[in-house]
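Numbering (full-length UniProt numbering), first residue to last: 1 to 156. We put the beta carbon where it would ideally sit given N, CA and C, even for glycine. These figures come from a predicted structure and were not determined experimentally.
Shown next, in the form of structure tokens:
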């Protein structure tokens, strides 16, 4: 097909990190398998979103509702590949790709107008490493806690 490598994914309920932050998130663990897989030999139930595909070559876009290109938002930006995730993946969810944990910071869905209809062109998830996301969260709360107002204002 487009040269995607076959990978396996497992999903679990609430991650302990997310439980302490009281967020409704899922943890998705993806790990690559051996060689390049054939697209017709996958047999999985419709309720299990446990398939994942990693980008194997140049070209190809994540156009289907469950396929996302995952890219790390921290400089320098880099692409982790194309993976099959639940279609309703959203901000704040924690995913684990090839042993490294990431938190989804934004979901980008691009559409193009073709023959008077909008057609899905590309799906992209921008993620941050879990450690970086926690550091940003702590720094934001610290900044809010020490903010004293604009210069020249007095508080009694």
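Boundaries of the alpha helix (DSSP H) harbouring residue 138: 130-146, taken from the DSSP string.
Annotated as distal: residue 127 and residue 148, with beta-carbon spacing of 8 Å or more. By the neighbour-count definition (other C-beta atoms within 10 Å, threshold 16), residue 84 is a buried residue. DSSP places residue 91 outside both helix and strand once states are collapsed to three, so it counts as coil. Around residue 104, the same chain offers 91, 93, 125, 127 as residues with beta carbons nearer than 6 Å, after the five sequence neighbours per side are excluded. Between residue 69 and residue 82, the C-beta spacing is below 8 Å. Distance between residue 87 and residue 142, taken at the CA atoms: about 34 Å.
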